[in-house]
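Comments concern the structure below.
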Amino acid sequence: MKQNYAFISYSHRDITMAKWLHKKLESYKLPTEIHNDFENSRYLRPIFRDQEDLNTGVLSDELRKQLDNSKFLIVVCSPHSAQSQWVSEEVKFFIESGRLEYIIPFIIEGTPGSDGEPECLPLSLRQFISNHPDRELLGINIAEVGREKSFIRVVSRMLGVSFDNLWKRHERDRRRKLISWSIGTVLTAFLVYCFFFPVSLTLELQDEEHHLPVPEDAVLVVNGASYPLSNLDTTITITGLPSHFKYREIPVSFSATYYSNTDSCTSSHLSFRAHMILPLKRDKTFAIFAGKVIDEHNEPVSEATVQIGDTATQSSNDGTFKISFKAADQSEIKPVKISKTGKKTIFREDECPGEELIYILHNQ
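In the working numbering, the protein residues as written are 15 to 378.
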């Protein structure tokens with residue numbers, strides 16, 4: 015019983031093609047119904063290729079041993095191998111062993127027996143064909159059918175099965191691998207998209223119009239991380255948010271003195287970027303100016319004129335008054351004027367408007 019499925023004979027100048035054929039053969043998976051008699055596997059193994067497996071000093075002995083233990087001789091035919099004495103000797107060994115039908119010429123360049131084209135068959139094979147014209151030896155020519163079909167024709171010759179059947183099987187396997195590769199590529203791209211590329215968030219902060227300084231404790235919180243703010247009418251971009259926010263909402267909150275706390279969420283809608291407009295609402299700290307007007311005897315003063323800035327009102331029967339300011343009119347300091355006939359007018363500035371102010375009007 016032979017130990018090798020095949021022996022690949024070639025000129026060293028054709029080593030690239032020899033390596034390709036060697037790798038293709040040993041990676042070819044046998045059909046289920048075919049059994050590998052050499053090593054009880056599902057592959058065309060082992061395949062021997064010289065100048066890779068031989069040890070220096072015992073080349074001739076090792077070559078003869080490997081040739082004798084190989085069922086097939088695959089000859090990489092080209093103008094280089096046609097001039098190679100080494101390839102010719104390897105072919106001659108197989109012919110003299112009575113195994114001509116187990117020689118497979120694999121033609122990669124040149125033309126067999128042509129006067130006008132470069133010869134590709136080694137000398138010993140040409141001489142045998144010339145002396146035995148009745149012994150036809152068909153070669154497999156890459157130029158005629160291409161690499162893949164040529165390779166399958168070699169396998170078909172080695173296995174002794176129909177080329178058409180093997181080619182159909184090869185095409186099915188190729189399509190299945192292509193589909194699997196395509197699905198795997200799409201899945202990999204999807205996973206990379208979902209879990210490896212971060213999200214960036216652009217926030218437009220829109221503050222109500224006012225004349226108050228920015229609170230020192232103004233802070234924006236995005237996904238648990240705090241971002242102190244020095245400007246409330248601005249646009250900021252936060253990068254490096256975890257990639258899972260492509261399909262989840264991003265929590266955003268804002269807090270500051272004199273502002274209503276804001277809690278909101280936004281989404282990137284499966285993209286790399288999210289955009290959000292965040293309106294900042296003021297609380298009532300500077301919006302309400304209210305209190306009570308009394309006299310020196312702690313009695314309420316009604317119909318007193320209360321003027322805060324450009325806005326005026328009158329105190330009610332119980333002496334109370336209330337003025338509401340729009341955001342544009344709010345400020346930290348307000349000029350105050352309170353007057354009534356027969357009473358001394360009050361002129362002053364209050365730094366912190368509020369809702370529990372007390373003003374005392376004295377008699378003139």
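Cβ coordinates follow ideal geometry from the N, Cα and C atoms, glycine included.
(request) Could you say if the segment 324–335 and the segment 254–271 meet the contact criterion of at least three C-beta pairs nearer than 8 Å? (result) no
(message) Here's the rule I'm using: 16 or more other beta-carbon atoms within 10 Å means buried, otherwise exposed. How should Val101 be labelled?
(response) buried
(message) Please list the terminal residues of the continuous alpha helix (DSSP H) segment that includes Asp158.
(response) Checking the sequence, you will find Glu at residue 158 rather than Asp. Segment 156–159, the alpha helix (DSSP H) holding Glu158.
(message) Buried or exposed for Tyr273, going by 16 or more other Cβ atoms inside 10 Å?
(response) buried
(message) Tell me which residues share the same chain as Pro227 and place their Cβ nearer than 8 Å to its Cβ, disregarding the 5 neighbours each side in the sequence.
(response) Glu346
(request) List the DSSP bridge partners of Gln321. (result) Ala326, Lys351
(message) Is the separation between the beta-carbon of Leu294 and that of Leu219 shorter than 9 Å?
(response) yes
(request) Give me the Cβ distance between Ile360 and Lys351, rounded to the nearest whole Å; I'm assuming they're in contact under 8 Å. (result) 7 Å
(request) Put His258 into one of helix, strand or coil per three-state DSSP. (result) helix
(request) Classify Asp64 as buried or exposed, calling it buried when 16 or more other Cβ atoms lie within 10 Å of its own Cβ. (result) buried
(message) Please report the straight-line C-alpha distance between Ile343 and Leu243, rounded to a whole angstrom.
(response) The question names Ile, but residue 343 is Asp in the sequence shown. Approximately 23 Å, taken between the alpha carbons.
(message) Taking the straight line between their C-alpha atoms, what separation do you get for Ser214 and Asn245?
(response) 20 Å
(request) Taking only the alpha-carbon atoms, compute the straight-line gap between Leu371 and Val236 and give it to the nearest angstrom. (result) 39 Å
(message) Could you tell me which whole alpha helix (DSSP H) segments of length 4 or greater appear in the segment 115–165?
(response) 137–145, 156–159
(request) Measure the alpha-carbon distance for Arg287 versus Ala203 and round it to whole angstroms. (result) 18 Å
(message) By the DSSP assignment, the alpha helix (DSSP H) with Pro393 in it spans what residues?
(response) This structure cannot speak to residue 393, because the chain is shown only from 15 to 378.
(message) Using a 10 Å radius around the Cβ and a threshold of 16 neighbouring Cβ atoms, would you call Gln328 buried or exposed?
(response) exposed
(request) Measure the CB-CB distance between Tyr19 and Val89 and report whether it falls below 9 Å. (result) no
(request) Leaving aside the five residues before and after Ile154 along the sequence, list all residues of the same chain whose C-beta is less than 8 Å from its C-beta, in chain order. (result) Ile118, Pro119, Phe120, Ile121, Ser164, Arg167, Val168, Arg171
(request) Leaving aside the five residues before and after Tyr261 along the sequence, list all residues of the same chain whose C-beta is less than 7 Å from its C-beta, in chain order. (result) Leu284
(request) Keeping to the same chain, check which residues put their C-beta closer than 8 Å to that of Asp309; ignore five residues upstream and five downstream. (result) Val315, Lys357, Ile374, Leu375, His376, Asn377
(message) So, at 6 Å on beta carbons, what are the nonlocal neighbours of Leu217 in its own chain, with the 5 sequence-adjacent residues on each side left out?
(response) Ile250, Met290, Leu292
(request) Give me whichever residues DSSP pairs with Asp280 in a beta bridge. (result) Checking the displayed sequence, the identity of residue 280 turns out to be Thr instead of Asp. Answer by DSSP bridge pairing, in chain order: Ile264.
(message) Between which residues of its own chain and Thr248 is the CB-CB distance below 6 Å, once the five residues before and five after are set aside?
(response) Leu219
(request) Kindly list the residues whose CB is nearer than 8 Å to the CB of Lys16, restricted to its own chain and excluding five residues on each side of it in sequence; keep chain order. (result) Phe52, Asn83, Ser84, Lys85
(message) Taking the beta carbon of Phe210 as the centre, do at least 16 other beta carbons fall within 10 Å, making it buried, or is it exposed?
(response) exposed
(message) Using DSSP's beta-bridge definition, name the partner residues of Ile360.
(response) Ile352
(message) Just to check my reading of the structure: Phe21 and Leu58 have Cβ atoms closer than 8 Å, yes? What is that Cβ distance to the nearest angstrom?
(response) Not confirmed; about 13 Å, so no contact.
(message) Could you give the first and the last residue of the continuous alpha helix (DSSP H) run that contains Val105?
(response) 99–110
(message) Less than 6 Å between C-beta atoms, sequence neighbours within five positions excluded: which residues of the same chain meet that for Thr125?
(response) Glu131
(request) Report the rounded CA-to-CA distance for Thr30 versus Ala239, giving the unit in angstroms. (result) 58 Å
(request) Look up Tyr207 in the DSSP assignment and give the residues it is bridged to. (result) Looking at the DSSP assignment, Tyr207 forms no beta bridge with any residue, so it has no partner.
(request) Would you mind stating whether Glu222 and Arg296 have Cβ atoms separated by less than 9 Å? (result) yes
(request) Can you check DSSP and say which residues form a bridge with Ile61? (result) Ala20
(message) If contacts are defined as beta-carbon pairs under 8 Å, then Leu114 and Arg78 qualify, I think. What distance do you get, rounded to the angstrom?
(response) Incorrect: roughly 18 Å between the Cβ atoms, too far for contact.
(request) Use the C-beta contact count for Tyr42: other C-beta atoms within 10 angstroms, 16 or more gives buried, fewer gives exposed. (result) buried
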